[in-house]
Amino acid sequence: MASTDTQLSLNPQHHVVKIEGAREDSENHGEDLIAQLRSIPSDITALRIEEETPSNKEWAILGSHFTNIQSLELDSGYNEDLNDKELPLHWPLKRCKLLNACGEVTRTPHIRQGRVSHLILLLTSGIRFEGPTSSELSKAHSQAIARGEAKAEYITVQEGTPEERQIQVTWIPELAGKWMNNKYEGKNEHQLEEENRPPPTISLRTLEILENDAIDTFCRMALALPHLIENLTSLNLRSTHCLDFQLLHESMIQHLLPQLSGLETLKLSIGEVFTDESRLLTLYQWLPPNISALQFRGPASLTKSLEWDNWVQAFADRDFLPHLNRLSFVLDLHYEPSDDSFGRNRKPKAIPEHTLHEARAACEPLYEAARNRGIVIERLYDEWSDECQILRQVDDRTSTSTTTRTSTTQTTTSTVQTKHQTFPLAHPPPPKHTLRLTANLALQIQQLTPTSRRPIPILEVYQPTRFGKTVGDAPRKLTARDMYIVQSDGYAHLPEAAEEEEQKNQGGVAVGVIYMPAKDENNRKMAFPGGGVWFPMGEGWEVSVTVRGGYRFMFKGRADGVSRVVEWEKRVAKGRSSSSASEASEMKADSRFTLNIAESGMRRPCLATLTRQGLKVGGWDRAQREYLASSLRCENEVEEDAALYTSVLTMGVYVAAQEGWLNQYL
239 MASTDTQLSL NPQHHVVKIE GAREDSENHG EDLIAQLRSI PSDITALRIE
289 EETPSNKEWA ILGSHFTNIQ SLELDSGYNE DLNDKELPLH WPLKRCKLLN
339 ACGEVTRTPH IRQGRVSHLI LLLTSGIRFE GPTSSELSKA HSQAIARGEA
389 KAEYITVQEG TPEERQIQVT WIPELAGKWM NNKYEGKNEH QLEEENRPPP
439 TISLRTLEIL ENDAIDTFCR MALALPHLIE NLTSLNLRST HCLDFQLLHE
489 SMIQHLLPQL SGLETLKLSI GEVFTDESRL LTLYQWLPPN ISALQFRGPA
539 SLTKSLEWDN WVQAFADRDF LPHLNRLSFV LDLHYEPSDD SFGRNRKPKA
589 IPEHTLHEAR AACEPLYEAA RNRGIVIERL YDEWSDECQI LRQVDDRTST
639 STTTRTSTTQ TTTSTVQTKH QTFPLAHPPP PKHTLRLTAN LALQIQQLTP
689 TSRRPIPILE VYQPTRFGKT VGDAPRKLTA RDMYIVQSDG YAHLPEAAEE
739 EEQKNQGGVA VGVIYMPAKD ENNRKMAFPG GGVWFPMGEG WEVSVTVRGG
789 YRFMFKGRAD GVSRVVEWEK RVAKGRSSSS ASEASEMKAD SRFTLNIAES
839 GMRRPCLATL TRQGLKVGGW DRAQREYLAS SLRCENEVEE DAALYTSVLT
889 MGVYVAAQEG WLNQYL
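Reading the sequence shown from the start, the letters are residues 239 to 904 in my numbering.
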């Protein structure tokens with residue numbers, strides 16, 4: 239067993255477990271988690287929890303199994319819940335990362351008593367550090383409505399249809415805002431909650447809050463836990479998406495930052511997020527006074543303001559940030575007006591190159607002023623952009639350092655991501671005959687492109703005749719239940735072998751084969767008895783159904799014996815009742831699947847998303863691409879691209895067929 243003083247690396251490799259969630263009404267709740275833990279040593283130091291926040295029962299299971307968790311990543315997943323009160327207290331946590339949690343109170347002492355030394359809030363929203371939980375706020379609101387002290391709000395759904403109805407809604411951010419106003423408005427002093435009283439020892443030193451309402455979250459934490467904020471030595475705030483200031487006034491941050499006298503390192507990425515634009519223009523005036531390292535990223539528009547000369551003069555003054563010895567300073571953010579009703583009506587956009595060049599040139603006097611003070615100018619590179627694809631990386635097209643440019647090229651080569659492509663699914667009308675003496679078109683896969691207003695047919699899915707079909711070197715003959723995929727007329731990316739007349743008459747040369755699970759026990763000994771897919775340009779993938787309703791595809795064709803595993807994971811909107819057949823149908827329509835690599839460290843971003851309407855494919859990075867491409871035999875990158883997309887689409891069709899989403903599947 240590892241000792242409690244095991245050294246924790248900066249980016250440890252996390253073991254992954256998948257969670258069912260806070261609902262404990264099923265009889266076998268927790269059994270899937272117990273099964274996962276059998277293959278994970280109890281003395282690991284790094285754990286990642288995915289898909290849901292654990293229920294109290296699941297926290298107990300995790301706590302009884304693991305003894306030495308020092309780095310925890312908690313991904314709230316599709317439902318964005320947070321239930322961390324029962325997070326095991328015997329874990330010697332040093333690093334904790336919350337992802338995607340929204341609108342809830344964190345209740346674990348690991349956070350509220352500052353037991354962790356490094357806290358990361360990535361893409362969270364509305365996280366609170368005091369007060370009632372969201373369910374408690376909602377219950378109190380319902381009671382106020384019943385007493386006539388509050389008014390219920392409704393929205394109309396399916397308006398203009400026979401199913402039109404009204405649904406009562408409760409806006410948690412509004413209730414949380416009212417609670418905070420009642421506690422703080424007009425009061426110079428306030429009492430800390432019992433759970434928030436300063437402990438004898440505070441370990442928290444590094445805090446990172448990234449995007450959504452990052453600044454607002456930091457200010458809420460400062461109100462509820464001022465002693466933790468005062469103890470920080472490193473702070474990373476990133477707010478560039480113009481979604482900030484949900485509960486507190488934007489002026490609070492400019493009063494708060496100058497009070498952080500113990501802060502040594504500040505990483506600050508701020509876009510055009512303030513309603514009062516003068517706050518951003520004068521931001522240099524309210525930086526923490528004793529920092530030794532500053533990373534600042536802002537909008538290029540800053541250089542066009544009348545305050546810009548004052549920025550340059552400030553960095554030339556030796557009394558300004560007198561302890562500063564390292565500086566990274568980039569103005570590469572760009573915004574355009576937006577009619578979005580949420581946020582500040584500003585939308586981040588890729589910066590035009592000429593604007594970037596102008597901003598870089600305007601920054602040169604600032605760099606020179608800092609160098610004259612002995613401050614080292616360092617390249618700014620955002621490590622979080624490598625982990626999360628919606629976080630835009632620093633644009634260094636204007637970098638003048640040969641060393642920096644070379645380093646950047648090497649880095650971006652390993653993290654380049656494919657663009658997302660959208661593929662609608664088109665269902666043909668029902669066949670007139672059921673004997674199936676000719677191949678039956680079951681589905682057409684189309685593609686949306688920026689240059690065309692209409693979807694372009696690219697692939698067609700056929701079921702063979704009732705006599706089956708032989709496809710090239712496929713492992714076995716297709717039965718009438720199986721399917722094969724061909725390229726549509728006028729769209730041919732993959733190389734074709736010599737075509738036989740029969741293939742031309744039945745949809746062309748197959749680029750993918752789908753074997754449905756065998757129903758007859760006599761057929762269980764044939765290839766892919768449990769279902770699978772096969773590609774002429776690759777090998778076969780066997781399919782199994784997971785306990786959570788997903789589909790796992792395993793490839794074992796490599797000569798070195800290394801397998802490749804991907805999984806279509808089921809996502810269903812929870813918390814809805816199905817009191818009628820129509821509502822049950824709505825819940826079924828809400829389900830979707832995401833394709834992920836079933837290997838720790840390569841699960842994000844997801845490779846594709848599947849719904850009844852179609853697929854969205856792409857967004858994977860180079861490491862994920864190489865993982866998938868190792869199952870293919872391609873001669874060049876263009877050919878490999880087409881084969882990769884075809885393989886993902888084929889797997890998606892298999893899942894759609896198994897879910898009953900194909901009209902023609904028999």
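All residues carry an ideal CB built from backbone N, CA and C; glycine is no exception.
Quick caveat, the model's predicted, so the values are computed rather than measured.
Cut-off 6 Å between Cβ atoms - residues of its own chain near residue i, not counting five sequence neighbours on either side
i      : result
Cys340 : Glu318, Ser363, Gly364
Asn528 : Ser499, His561
Glu510 : Pro537, Tyr573, Arg584
Ile467 : Ala460
Gly710 : Pro774
Val343 : Arg366, Thr371
Leu629 : Trp622, Ser623
Gly728 : A caution first: Gly728 carries a pLDDT of 46, below 50, which makes its placement in the model unreliable, though a value can still be read off. So the list is empty, once near-sequence residues are dropped.
Thr291 : Ser314, Asp319, Leu320, Asn321
Glu446 : Ile358, Asn474
Lys505 : Asn474, Gln533
Val886 : Ala846, Val855
Lys715 : Gly706, Thr708
His356 : Arg333, Thr444
Val614 : Arg564
Those residues which DSSP pairs with residue i across a bridge
i      : result
Val771 : Ile752, Trp779
Ala664 : Gln682
Gly852 : Pro662
Gln406 : Tyr392
Ser477 : Ile508
Glu805 : Arg790, Asn834
Val699 : Leu681, Ile723
Ala846 : Leu833, Val855
Asp313 : Leu337
Gly706 : Thr703
Ile358 : Lys335, Glu446
Val254 : Arg286
Ile694 : Gln685
Beta-carbon proximity of residue i to residue j, cut-off 8 Å
i      : j      : result
Ile589 : Ala531 : no
Ser309 : Lys332 : yes
Arg786 : Tyr316 : no
Ala452 : Arg435 : no
Arg535 : Leu571 : yes
Glu288 : Lys256 : yes
Thr884 : Gly750 : yes
Thr660 : Gly857 : no
Gly768 : Val747 : no
Ile410 : Val395 : no
Ala607 : Leu565 : no
Leu413 : Leu375 : yes
Arg350 : Glu258 : no
Leu495 : Pro526 : yes
Leu882 : Ala867 : yes
Residue i: CB within 7 Å of a non-hydrogen atom of the ligand ATP
i      : result
Pro438 : Within the structure as shown, the ligand ATP is missing, as the structure has no ligands at all.
Same chain, Cβ closer than 8 Å to residue i, neighbours up to 5 away in sequence not counted
i      : result
Pro326 : Trp297, Leu300, Gly301, Phe304, Ile307
Asp557 : none
Arg719 : Gln701, Met754, Lys757, Leu904
8 Å contact criterion, which residue i and residue j should meet: CB distance rounded
i      : j      : result
Trp772 : Ala712 : 5 Å
Glu368 : Ala462 : 4 Å
Lys854 : His658 : 6 Å
Gly415 : Leu485 : 5 Å
Leu285 : His252 : 6 Å
Thr513 : Ala600 : Their Cβ separation, rounded to whole angstroms, is 25 Å, which puts Thr513 and Ala600 out of contact at 8 Å.
Pro843 : Gln631 : Not really, about 14 Å apart at Cβ, beyond 8 Å.
Glu837 : Val803 : 7 Å
Ile694 : Leu663 : Incorrect: roughly 14 Å between the Cβ atoms, too far for contact.
Residues near residue i in its chain [Cβ-Cβ closer than 7 Å; skip 5 each side]
i      : result
Gln492 : Arg517, Trp524
Val893 : Tyr789, Trp806, Phe831, Leu848
Glu897 : none
Ile440 : Gly352, His465, Leu466, Asn469
TODO: Any chance you could list the beta strand (DSSP E) runs of at least 3 consecutive residues sitting entirely within the region 516-563, in chain order?
DONE: Entirely contained in the region 516-563, the beta strand (DSSP E) runs reaching 3 residues are, in chain order, 531-537.
Open item on the list: So within the region 566-639, which uninterrupted alpha helix (DSSP H) runs reach at least 4 residues, ignoring any that extend past its ends?
Closed with: The qualifying runs are 591-610, 621-625.
TODO: Entirely within the region 414-478 and at least 4 residues each: give me those alpha helix (DSSP H) ranges in chain order.
DONE: Whole alpha helix (DSSP H) segments, 4+ residues: 452-462, 464-468.
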